[in-house]
Each structure stands twice: as C-alpha cells, then as structure tokens.
Amino acid sequence: MLWLILGMAIVTFLPRFLPMAFLTRWVMPERVKRGLDYIPIGILSSIVFPILFTSGGGKVEIQAQYLFAAIPVFVFAWKVRSLWGSVVLGMAIYWGLGFVL
Amino acid sequence: MDNHPFREGIKAALPIVLGYLPVGMAFGVLALKAGLSPFEVGLMSLLVYAGASQFIAVDMLSKGIVWFPIVLTTLLINLRHLLMSSTFSLYLKNTRLAVLGLISAQLTDESFALATSNTSKISNRPKYLLGLQMTSHIAWIAGSVGGALFGGLINHEGFGLPFALTALFICLLVLQVKSPIHLWVMGALGVFSIFLKGILPGNWYIFLSALVALGIGMVMNPKARNSKTQDCD
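Going down the list, the sequences are from chains A and B.
Using the working numbering, you'd call the opening residue of the first sequence number 802 and step up by one each time.
Using the working numbering, you'd call the opening residue of the second sequence number 34 and step up by one each time.
What follows is the structure, given as structure tokens:
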C-alpha cells in the first residue's frame with residue numbers, strides 16, 4: 802500500500818510542478834499569456850456543466866436536483882458575487898429539493 | 034488587501050474547507066471499506082491529495098486491481114494540472130523553486146479556481162497561495178481521516194453538503210465571466226464538455242476543454258485580455 806501511495810504521489814506531483822518550475826523561468830510571449838488567461842474559464846465550464854447535464858456514467862441527462870439548485874446560484878452569484886452566499890444558498894436549496902424531488 | 038497574505042489566504046480557503054470536509058469523509062468511508070487503514074487514508078490524502086484519483090484508486094482496489102493500473106490512471110487523470118500549473122506560473126515569476134514545489138504539491142481544481150478568481154491576490158504573493166492551499170489540504174486530510182474513523186457516526190450527506198463544491202464552482206465560474214467573449218467561451222465549452230464526457234474516458238473532457246480555452250485565448254484579439262478582475266469574498 803505504501804508503494805502505491807508513493808507512486809500515486811509522484812505522478813500527481815510532476816504534472817503540478819513541472820510547468821510551474823519551467824514556465825516561471827521563461828519569458829513568455831504575450832500570446833501565450835493571453836491563452837493561459839482563458840484556462841480557468843475552460844476548466845470551470847467543463848467541471849460545472851457536466852455535473853448538471855450528465856449522469857456519472859457520462860450519459861446526457863438532466864440531473865434535476867443539481868440543476869434546480871444551480872440556476873438560482875448562477876443568478877445569485879452574478880448579482881451578489883459572494884462565494885459564501887452562493888455556497889450557503891446552493892446547499893439550502895439542494896437540501897430542500899431533496900424532500901420534494 | 035491586508036498585510037498578512039498568509040492569514041488572508043487561510044480566510045479565503047474557508048468555502049473550500051466546507052466543501053472538502055464532507056467529500057473527504059465520503060472518501061474515508063469508501064477507503065476503509067476497500068481495506069485501507071485510517072493511517073493509510075491520511076497518508077494518501079497527505080501525499081497524493083487529488084480527490085478524483087483517490088476515489089478511483091480505492092474503487093479499483095476494492096475490485097482487486099493492483100498498483101500499476103492505478104498509478105497510470107492517476108497520472109492520466111491529473112494531466113489537467115499541467116495547464117493549471119502553467120497558468121499559475123504567470124503570477125509566480127520571482128518565487129523560489131522550493132516554494133513552487135510546495136505550492137504545486139497542493140494545487141487542486143478548487144484552489145486553482147479560487148486563486149484565479151482574483152489574480153491581483155496571487156500575483157507575486159506566494160504566501161497567500163500557501164495559506165489558501167495549506168488550509169484546504171488540512172481540511173481534506175481531516176475530512177478523510179475523520180471519515181475513516183467515525184464515518185458511520187456523522188451524516189456527511191445531509192444539509193445539502195454534496196452540493197457545496199458545485200455551488201462554489203458555479204460562483205467561481207460566474208466570476209470568470211469578465212467579458213462577452215468569456216460568456217461565449219463558457220457556453221461553447223459547457224456544451225462541448227457535456228458531449229465530450231460521454232465519449233472520452235475519465236475526466237479527459239476537462240483537459241480537452243481547458244486546451245480549447247487556451248487555443249481560443251491565443252487567437253483572441255489582444256484587447257480582450259485587459260478586462261478588469263473582479264473582487265469576491
């Protein structure tokens with residue numbers, strides 16, 4: 802088990818470390834910087850939407866409890882821009898939906 | 034911005050802590066069933082610290098699969114961190130390599146998304162990142178060991194807890210929409226990733242979507258980058 806954990810630790814660490822180690826020492830062209838600037842929205846879009854619209858197995862199908870809790874959180878986050886508010890509101894609605902759906 | 038970036042980072046991590054504790058507990062419960070001791074659960078959360086791959090690893094273990102396929106799967110799942118690590122490098126130009134090592138060991142989807150929601154806070158402020166990520170990491174370890182020890186006693190699926198991280202991601206996604214172009218990118222990649230998830234194994238859809246976003250950013254009009262960052266708390 803120890804070897805498994807160490808093996809997993811190494812292959813997890815390297816992709817996290819190597820780009821940071823090399824790219825911080827490299828004068829990056831403006832174009833590359835612009836590209837890297839879009840990675841957060843790419844990552845977040847691809848995390849959020851599949852949670853709402855696909856089953857665990859990858860089939861396209863609406864996840865009602867997640868989707869109905871997500872819509873008000875989208876609106877709230879857009880208007881109020883509060884992380885805590887979004888998390889608490891989302892949890893409360895999701896919890897409530899659990900009794901209805 | 035206060036003068037104690039480390040303390041500021043700790044505070045900023047609290048929404049992640051709320052999300053990590055119950056998910057960590059769920060992991061601890063499953064890992065115990067798959068035959069790990071509470072010590073091994075804690076060690077894995079300390080050294081590997083990657084939610085998705087830890088869940089998949091214990092699932093494979095419980096099916097009797099041994100180490101090589103698990104390590105390979107872990108590598109493939111975590112290749113998406115290549116892109117997050119590249120993005121962080123924009124803001125850590127003057128940071129020592131040892132500190133970069135510590136920051137990268139604790140890089141997760143959640144800490145990355147939170148940190149990049151306001152880049153003025155991470156720009157040459159490695160202590161803020163360390164505070165943010167160490168606090169999140171401790172919550173993950175505490176949650177998973179707690180789950181392994183007391184999993185049966187605490188309800189970690191009540192009170193809407195399974196939705197905490199999703200709500201966090203939604204808010205962080207909204208904060209990334211800094212221009213109409215970002216809105217289009219979000220819509221397009223949202224649809225793209227929904228269909229991609231059904232076709233590709235594991236979470237390659239995340240890696241590929243991030244790669245497409247990188248490409249879009251590179252061909253974009255330079256003016257589009259100078260959008261102002263928005264604060265959030």
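Glycine included, each C-beta is placed from N, C-alpha and C at the ideal position.
- Of all residues in the stretch 843-857 of chain A, only Gly843, Ile844, Leu845, Ser846, Ser847, Ile848, Val849, Phe850, Pro851, Ile852, Phe854 and Thr855 come within less than 7 Å of chain B when Cβ atoms are compared, listed by chain position.
- The Cβ-Cβ distance between Tyr53 of chain B and Ala172 of chain B falls below 9 Å.
- Interface flag for Arg113 of chain B against chain A is set, since a Cβ pair is found closer than 9 Å.
- Nearest to Gly75 of chain B by C-alpha distance, out of B:Gly179, B:Tyr238 and B:Thr168, is B:Gly179.
- In terms of Cβ geometry, Ser887 of chain A and Ile110 of chain B do not form a close pair [threshold 9 Å].
- At a cut-off of 9 Å between beta carbons, Glu73 of chain B contacts chain A.
- Residue pairing by DSSP puts Thr855 of chain A in a beta bridge opposite A:Val861.
- Going by DSSP, Thr152 of chain B is part of the alpha helix (DSSP H) stretching over Thr152 to Ile155.
- In the displayed model, Ser86 of chain B falls within a helix according to three-state DSSP.
- Taking 9 Å as the cut-off, the beta carbon of Asp92 of chain B is found no closer than this to the beta carbon of Ile844 of chain A.
- Using a CB distance cut-off of 9 Å, Val901 of chain A does not count as an interface residue toward chain B.
- Along the length of the stretch 95-157 of chain B, whole beta strand (DSSP E) runs at least 3 residues long do not occur.
- Comparing C-alpha distances from Phe854 of chain A to each of B:Trp237, B:Ser144, B:Ile227 and B:Gly176 shows the shortest one belongs to B:Ile227.
- The beta carbon of Gly184 of chain B sits closer than 7 Å to the beta carbons of Met58, Gly61, Val62 and Leu65 from its chain, once the five residues preceding and following it are set aside; these are given in chain order.
- Neighbourhood of Phe869 of chain A in chain B, by CB distance below 8 Å: empty, with the nearest CB roughly 11 Å away.
- By the 16-neighbour rule on beta-carbons within 10 angstroms, Phe900 of chain A is exposed.
- Around Leu194 of chain B, the same chain offers Pro55 as residues with beta carbons nearer than 7 Å, after the five sequence neighbours per side are excluded.
- Out of B:Ala246, B:Ser122 and B:Gly220, the CA that lies nearest to the CA of Phe850 of chain A is found in B:Gly220.
- Residues of the stretch 828-840 of chain A that bring their beta carbon within less than 8 Å of a beta carbon in chain B comprise Met829, Glu831, Arg832, Val833, Lys834, Arg835, Gly836, Leu837, Asp838, Tyr839 and Ile840, in sequence order.
- In the structure shown, Trp879 of chain A adopts helical secondary structure according to DSSP, grouped into three states.
- Within the model, the alpha-carbon separation for Gly191 of chain B versus Thr825 of chain A is close to 43 Å.
- From the beta-carbon of Gln209 of chain B, the residues of chain A found nearer than 7 Å are Pro841, Ile842 and Leu845.
- The straight-line gap separating the alpha-carbon atoms of Lys96 of chain B and Trp237 of chain B is approximately 23 Å.
- Pairing Phe814 of chain A with Ser137 of chain B gives a Cβ-Cβ distance under 9 Å.
- Within the model, the alpha-carbon separation for Pro873 of chain A versus Leu805 of chain A is close to 42 Å.
- Closest in alpha carbon position to Trp896 of chain A, among B:His189, B:Gly164, B:Ile174 and B:Leu165, is B:His189.
- Nearest to Trp885 of chain A by C-alpha distance, out of B:Ser78, B:Ile232 and B:Leu47, is B:Leu47.
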